[in-house]
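Asker: This is the structure, below, for whatever I ask next.
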Amino acid sequence: MTPPDTAAPIPPSNKTALFVVFFVVFIDLLGFGIVLPLLPRLAVDYMAGFSEWEVGLTIGLLFSSFSLMQFVFSPVWGRWSDRVGRRPVIIISLIGSVVCYALFGFACTLPTTSATLALVLLFVSRTGAGIAGASVSTATAVIADSTAPEKRSHGMALIGVAFGIGFTFGPLIALAGLIWLPTEADPLNPEKTRVLREWLWMPGALASALSAVALLIAVRKLPETLKPGNAAHAGRGGFSLGRAAEVLRMPAVGPLVLIYFLAIFAFANFEATLALYTEKVMQFDDKANFLVFAGVGLVLMIAQGGFYRRYAKKVKEERLATVGLVFMFIGLGGLAAIAFAGYAAGFSADTVGGLVGLFYFSTAVAVFGFAFVNPSVTALVSRNADPSRQGEILGVNQSFAALGRILGPLCGSIVFYQHPSRALPFLVAGGVLVLVMFLLVGYAKNKSDPVA
């Protein structure tokens, strides 16, 4: 084996692949960041007259429909990429993103009198976007193809950096639209304003256009990274519970997939309810809400680009993941405490205003922690995977991450309305993180135990 300090340099073709995948994921997440903060608001608009429980369930389903398709298609895309190559799978997925974001833009323009059609189209667009977005497993396989095992976590952090940059500037672009586009008074809160509905097609159209740019870049610049010899061993067929179960039974991989699933589930409770939290607890308007989402992306970018990639060179992934879990627990606990404090004071403007600094700090700490957990576990899965099944195994890992993003938003969106403090999603997430910490400690102990 080549020692880490003297590892061969990355070939030029692999450097190109890493750059293109980084850029493609960045642009795709830019579009995702543009539309994500709109989803809860659109559901509330189109479900006027329904109970809070029904609205919460619909918001959860909107988030979960995207993730359900990722659950089904991540291993499918991964297995296909093991057979036909990474490049065609990424190109096909980007074509899907172009179409689905355009459909989302059209659905946003429909009046509330066409609420049923609008909701159906929103679900169709999110479902299609989930199928297209499942190719992130293929993007991670490109990185696995292009990096040495000892540099795998360093490479996987590129995906997180791309997520962070895209998620930072996506909401900021949407916010610019909110500032420049015509607005009207919010009928539910006259002190707030919202963009006129006939202009709401622009975020979806812009996201579609950005995906088209990523498509052109992939077509022109993305090289194939799959080694010809590996394709002969790739599995056939579509989604298979049996093959997924086979991956879960792998002693070095199965526990990591479970850890990843639970960590994603915990974070998804926060992710899906953040826009509701900023409105109900912090009393932010649309513009402030977009700034919060941009801040989340900025923290992701700084944490993975400025901190994680530096420490990944000298600290084991298990330890980095443990540090991330502790940060997530502290941050989500802080958000729960803020919600209870606001509730105790009747969500008065003075009380909530005094908690804004703590809100931003707690959110940043939670996101910073997640930025350490995500690439660490993915890198561990990749390093323990059979090279001829990288796409499939990483696909199964992403599939269970998607399952966490299905159940997390459903759980968070429903329990959010079960107590007027709005703190329950963060308490649920904190409890799950305690379990994840125990599982990770057990995994690290068994790995270092020669008998085990």
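Note that our numbering numbers the sequence shown so that position 342 is 450, with each residue one more than the last. Where is the CB? At the ideal position from N, CA and C, for every residue including glycine. The structure displayed is predicted, hence computed values, not measured ones.
Using a Cβ-Cβ cut-off of 7 angstroms (strictly less than) and excluding sequence neighbours within five positions of I239, which residues of its own chain qualify?
Answerer: Position 131 of the sequence shown, counting from 1, holds the residue named residue 239. For I239, where only same-chain residues beyond five positions count, the Cβ hits under 7 angstroms are M177, F181, G204.
Asker: Mind checking whether T63 and L370 have CB atoms under 9 angstroms apart?
Answerer: A question about residue 63 goes unanswered here, because the residues of the chain that appear run from 109 up to 560.
Asker: Out of L511, T217, L443, which one is the CA nearest neighbour of M310?
Answerer: On the sequence shown, residue 310 is found 202 positions in, with the first residue counted as 1. Nearest option by C-alpha distance: T217.
Asker: Helix, strand or coil: which one does DSSP assign to P331?
Answerer: Position 223 of the sequence shown, counted from the start, is the residue given in the question as residue 331. P331: coil per DSSP, three-state reduction.
Asker: Could you tell me the distance, in whole angstroms, from the CA atom of G186 to the CA atom of V464?
Answerer: For the purposes of this step, residue 186 is taken as residue 78 along the sequence shown, with counting starting at 1. For the purposes of this step, residue 464 is taken as residue 356 along the sequence shown, with counting starting at 1. Computed Cα separation, rounded: 42 angstroms.
Asker: So, helix, strand or coil for L408, using DSSP?
Answerer: Position 300 of the sequence shown, counting from 1, holds the residue named residue 408. It is helical.
Asker: Using 9 angstroms as the threshold, is the C-beta distance between A487 and R260 below it?
Answerer: Taking the sequence shown and counting its residues from 1, one reaches residue 487 at position 379. Taking the sequence shown and counting its residues from 1, one reaches residue 260 at position 152. Going by C-beta atoms, A487 is nearer than 9 angstroms to R260.
Asker: Span of the alpha helix (DSSP H) holding R195?
Answerer: For the purposes of this step, residue 195 is identified with residue 87 of the sequence shown, where counting begins at 1. First-last of the alpha helix (DSSP H) with R195: 194-216.
Asker: For the stretch 242-259 and the stretch 488-498, state whether three or more C-beta atom pairs, one from each stretch, are separated by less than 8 angstroms.
Answerer: Output reads yes: the stretch 488-498 touches the stretch 242-259.
Asker: Grouping DSSP H, G and I as helix and E and B as strand, with all else coil, what is H527?
Answerer: Counting from 1 along the sequence shown, the entry for residue 527 is found at position 419. Of the three classes helix, strand and coil, the one that applies to H527 here is coil, per DSSP.
Asker: Give the range of the alpha helix (DSSP H) segment to which T564 is assigned.
Answerer: The chain is shown from 109 up to 560; residue 564 falls before or after that span and cannot be answered.
Asker: CB-CB under 6 angstroms to K123, same chain, minus the five flanking residues each way: which ones, in chain order?
Answerer: For the purposes of this step, residue 123 is taken as residue 15 along the sequence shown, with counting starting at 1. Here the set comprises nothing.
Asker: With burial defined as no fewer than 16 other Cβ atoms inside 10 Å of the residue's Cβ, what is the status of L144: buried or exposed?
Answerer: In the sequence shown, residue 144 corresponds to position 36, counting from 1. Classification for L144: buried.
Asker: If you follow the alpha helix (DSSP H) that K388 is in, where does it begin and where does it stop?
Answerer: Position 280 of the sequence shown, counting from 1, holds the residue named residue 388. From DSSP, the alpha helix (DSSP H) with K388 extends over 362-388.
Asker: Does the beta-carbon distance from E426 to S490 come in below 9 angstroms?
Answerer: Working through the sequence shown from its first residue, we reach residue 426 at position 318. Working through the sequence shown from its first residue, we reach residue 490 at position 382. Not closer than 9 angstroms, so no.
Asker: Short check: CB of G441 to CB of V389, under 9 angstroms?
Answerer: The residue given as residue 441 occupies position 333 in the sequence shown. The residue given as residue 389 occupies position 281 in the sequence shown. Taking 9 angstroms as the Cβ cut-off, G441 and V389 do not qualify as a contacting pair.
Asker: Between the beta-carbon of N482 and the beta-carbon of G268, is there less than 9 angstroms?
Answerer: Numbered from its first residue, the sequence shown carries residue 482 at position 374. Numbered from its first residue, the sequence shown carries residue 268 at position 160. Yes; because the gap between Cβ atoms is below 9 angstroms, this pair is in contact.
Asker: Using the beta-carbon count (16 or more within 10 Å), is G539 buried or exposed?
Answerer: Counted from its first residue, the sequence shown places residue 539 at position 431. By the 10 Å Cβ count, G539 comes out exposed.
Asker: How about S175 and L511: are their beta carbons less than 9 angstroms apart?
Answerer: Counted from its first residue, the sequence shown places residue 175 at position 67. Counted from its first residue, the sequence shown places residue 511 at position 403. Cβ atoms of S175 and L511: closer than 9 angstroms.
Asker: Excluding the 5 residues preceding and the 5 following V365 in the sequence, name in chain order all residues of the same chain whose CB lies nearer than 8 angstroms to its CB.
Answerer: To locate residue 365, count along the sequence shown from 1; it is residue 257. Once the five neighbours on either side are set aside, the close Cβ partners of V365 are V355, L356, V489, V504, N505, F508.
Asker: Taking the straight line between their C-alpha atoms, what separation do you get for G213 and F476?
Answerer: In the sequence shown, the residue the question calls residue 213 occupies position 105. In the sequence shown, the residue the question calls residue 476 occupies position 368. About 31 angstroms.
Asker: Grab the span of the alpha helix (DSSP H) containing N482 for me, first residue to last.
Answerer: For the purposes of this step, residue 482 is identified with residue 374 of the sequence shown, where counting begins at 1. Its alpha helix (DSSP H) spans residues 464-491.
Asker: Is the CB-CB distance between A380 and G193 below 9 angstroms?
Answerer: Looking up residue 380 in the sequence shown gives position 272. Looking up residue 193 in the sequence shown gives position 85. Against a cut-off of 9 angstroms, the Cβ pair of G193 and A380 comes out as no contact.
Asker: Please return the same chain residues whose Cβ sits closer than 6 angstroms to the Cβ of V132, not counting the five positions on each side in sequence.
Answerer: In the sequence shown, residue 132 corresponds to position 24, counting from 1. Counting only Cβ-Cβ distances below 6 angstroms, and skipping sequence neighbours, we find A322, A326.
Asker: Exposed or buried, T386, counting other C-beta atoms within 10 Å across all chains shown (16 or more means buried)?
Answerer: One-based indexing of the sequence shown puts residue 386 at position 278. It is buried - the Cβ of T386 has at least 16 other Cβ atoms within 10 Å.
Asker: Please confirm whether F231 and L138 have their CB atoms less than 9 angstroms apart.
Answerer: The count along the sequence shown starts at 1 and reaches residue 231 at position 123. The count along the sequence shown starts at 1 and reaches residue 138 at position 30. Not closer than 9 angstroms, so no.
Asker: Just to confirm, is the Cβ distance from T220 to A156 under 9 angstroms?
Answerer: In the sequence shown, the residue the question calls residue 220 occupies position 112. In the sequence shown, the residue the question calls residue 156 occupies position 48. A contact, by the Cβ cut-off of 9 angstroms.
Asker: Drop a sphere of 10 angstroms on the beta-carbon of N554, count the other beta-carbons inside from all chains shown, and report buried for 16 or more, exposed for fewer.
Answerer: Here residue 554 refers to the residue found at position 446 when the sequence shown is read from its first residue. N554 should be labelled exposed.
Asker: For the stretch 222-266, which segments carrying the beta strand (DSSP E) assignment without a break, of at least 3 residues, lie completely within its bounds, in sequence order?
Answerer: With a minimum length of 3 residues, no continuous beta strand (DSSP E) run stays inside the stretch 222-266.
Asker: Assuming V197 and S233 form a contact by the criterion Cβ under 8 angstroms, report the distance between their Cβ atoms to the nearest whole angstrom.
Answerer: Position 89 of the sequence shown, counting from 1, holds the residue named residue 197. Position 125 of the sequence shown, counting from 1, holds the residue named residue 233. Incorrect: roughly 21 angstroms between the Cβ atoms, too far for contact.
Asker: Do A479 and V416 count as a contact pair if the criterion is CB distance below 9 angstroms?
Answerer: The residue labelled residue 416 in the question sits at position 308 within the sequence shown. The residue labelled residue 479 in the question sits at position 371 within the sequence shown. In the sequence as presented, Val is not what sits at residue 416; that position holds Tyr. Yes, the pair counts as a contact, with Cβ atoms nearer than the cut-off.
Asker: Have a look at T333 and R191 and give me their C-alpha separation to the nearest angstrom.
Answerer: Translated into the one-based positions of the sequence shown, residue 333 becomes position 225. Translated into the one-based positions of the sequence shown, residue 191 becomes position 83. Between T333 and R191, the C-alpha separation is close to 12 angstroms.
Asker: Secondary structure at Q498, three-state DSSP: helix, strand or coil?
Answerer: For this step, residue 498 is matched to residue 390 along the sequence shown. In the structure shown, Q498 sits in a helix (DSSP, three-state: H, G or I).
Asker: From V549 to G462, what does the alpha carbon distance come to, in whole angstroms?
Answerer: Stepping through the sequence shown from its first residue, residue 549 is reached at position 441. Stepping through the sequence shown from its first residue, residue 462 is reached at position 354. Spanning the two alpha carbons is a distance of roughly 38 angstroms.
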